Amino acid sequence: MKKLVAMGLALTIAFGLTACSGGNSSQTKTDGSASKTETTAEPSKDGGNTQAAVTEDAGTVEAKELKVSHVFAETHPVHKAYQQASDELFEKTGGRYKLTIYPNGTYGNYTDSITACQMGTLDIACLDSASDWLEAGGVLFAPYCFDSYEHWQKYKESDLCTQMRDEISKAVGGIKQLNMYNFGFRNLTANKEIRTLADFDGLTLRCVNFEPYSTLKDVFNVAITSIPIEDVYMSLQTGVADCEENPVTQIVTMKFYEVQDYLIMTQHMLACSSTIINENLWNSLTEEDQGIFAEVFTNMGNNVDKMTVENETALIDECVSNGMTLIDDVDTAPFKENALKVVDNYSAWKDWYNQIQDMK
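In terms of my numbering, the sequence shown is residues 731 to 1090.
This is the structure in structure tokens:
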């Protein structure tokens, strides 16, 4: 049913997408529509960079506009990396391609934009968990699958990552996965100190409403509730939920520091995503252009990773400066033991999970 609804939305927005074009190599588009996604965004602050058409000896090159959709705020590393990618793509193709970027979930959540990308009404989109199409693809969101950013980088540079990207692309269908990137470890916020499993007694944790996120109930031995991201602030303020979990960039964007007293560094899951391109569009590119696109979006993913690491300390400091107490001495050993039990319940994960663990 979710995919049928998403397909209907993709058909509906096709008309809106065809009307959007311009002369910028990196444009930012917003229409003010509400985003029912895991990221609720800030107002637009950056309209992108402007590039004129490129003039060659043969005349003016008219750039082909490629439409990109993502769910993140314009202050987020993912959006900034797409802007960098747009400029790089424009330059390396001699002005033949440009990106128009639609942030803030303008064209729906992950599922909506993936469906639009499959259908070709959207050229480029983001893919988070592939577990809807390939159960094994959910392994990247297994609790405590990665223990450091260095571990993630080893995985990204491995043959396994290439294999997984190929298998995920085939399973999803109609797309090609161009990269992978992360935007930070997920951590807890709460109004009481949490350092041990026992500290979760009597609490209700808000988490994302699909697996593998829902497995956190078994990792922390805690009751969980599913609340849309745009309602989480109010639910924390009113006590409907006692605690929540997100990367620190999201915690700052949503200003959860106003309604939560503690930032608890559990680092229980790495928030990651990827860039996908419509398969027919990819196949229409020359071999040379495919190489350029692959290079540009590999760089884009690496830039997200780099900005995530560089920004994390400042984001934590922002939480603290806004009144939160940082707890970074959490006893994570019992959480990790429970996480292994969770993995045992997902036989489809085991092969890739074990290979990822061998990269530590």
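For each residue, glycine too, the CB sits at the ideal point set by N, CA and C. As the structure is a computational prediction, the values presented were derived from the model and not from experiment.
By the criterion of a C-beta distance shorter than 6 Å, TYR879 is surrounded in its chain by VAL1039, once the five residues flanking it on both sides are discounted. Note: GLU795 is bridge-paired with LYS828 in the DSSP secondary-structure output. In the DSSP assignment, ALA1044 falls outside any beta strand (DSSP E) and lies within the alpha helix (DSSP H) extending over 1017 to 1051.
Here TYR812 is near MET1030, since their CB atoms are less than 8 Å apart. Secondary structure at SER843: helix, using DSSP grouped into helix, strand and coil. The region 916 to 931 makes contact with the region 966 to 981; the number of CB pairs closer than 8 Å reaches 3 or more. THR790 and GLY825 have their C-alpha atoms roughly 10 Å apart. The DSSP assignment places complete alpha helix (DSSP H) segments of no fewer than 4 residues inside the region 860 to 919 at 879 to 886, 889 to 902, in order along the chain. With fewer than 16 other beta carbons inside 10 angstroms of its own, LYS1071 counts as exposed.
Restricting attention to LEU857, THR841, TYR1083, the CA atom closest to the CA of MET910 is found in LEU857. Scanning its chain for C-beta atoms nearer than 8 Å, with the 5 sequence neighbours on each side dropped, one finds around TRP1082 the residues ALA866, VAL869, LEU890, MET894, in chain order. Under the DSSP assignment, LEU1070 falls in the alpha helix (DSSP H) whose first and last residues are 1063 to 1074. Short of 6 Å from the beta carbon of LEU946, and not among the five residues preceding or following it, lie these beta carbons of its own chain, in chain order: CYS937. Residues of the same chain with a CB within less than 7 Å of the CB of GLN907, apart from the 5 flanking positions on each side, are LEU857, ARG895, ILE898, SER899, SER1004, ILE1006 in chain order.
Straight-line measurement puts the Cα of GLN1020 at about 34 Å from the Cα of ARG916.
Put simply, the region 847 to 863 does not touch the region 1048 to 1061. Fewer than three CB pairs are less than 8 Å apart. Annotated three-state conformation of GLU974 is strand, per DSSP. With contacts defined by Cβ atoms closer than 8 Å, THR1062 and THR996 form a contacting pair. Secondary structure at TYR992: strand, using DSSP grouped into helix, strand and coil.
When the alpha-carbon of ASN1041 is set against those of LYS794, PRO807, ALA1069, the nearest one is in PRO807. Rounded to whole angstroms, the separation of the alpha carbons of TYR837 and ALA803 is 13 Å. SER1004 is bridged by DSSP to LEU857. Taking the C-beta atoms as reference points, THR983 is found no nearer than 8 Å to PHE913.
For the 8 Å CB-CB criterion, TYR885 and MET1037 do not form a contact. In the structure shown, the three-state DSSP call for ILE1057 is strand. Rounded to whole angstroms, the gap between the alpha carbons of ALA855 and PRO873 is 25 Å. The alpha carbon of ILE831 has as its nearest neighbour, out of ILE959, GLN814, THR1016, the alpha carbon of GLN814.
When C-alpha distances from ASP972 are compared across ASP929, SER1014, SER944, the shortest belongs to ASP929. Taking 8 Å as the cut-off, the beta carbon of LEU852 is found no closer than this to the beta carbon of SER859. When beta bridges are read from the DSSP output, ARG925 appears opposite no residue. In the DSSP assignment, ILE1086 falls within the alpha helix (DSSP H) that extends over 1080 to 1087.
Residue environment analysis places PRO942 among the buried positions, since at least 16 neighbouring C-beta atoms fall within 10 angstroms of its C-beta. With 16 or more neighbouring CB atoms inside 10 Å of its own CB, GLU974 falls in the buried class. Note on LYS985: under 16 other CB atoms within 10 angstroms of its CB, so exposed under the neighbour-count rule. For LEU935, the beta-bridge partners assigned by DSSP are ILE954, CYS973. Shortest Cα-Cα distance from MET1054 to any of TRP863, ASP991, PRO977, SER944 involves ASP991.
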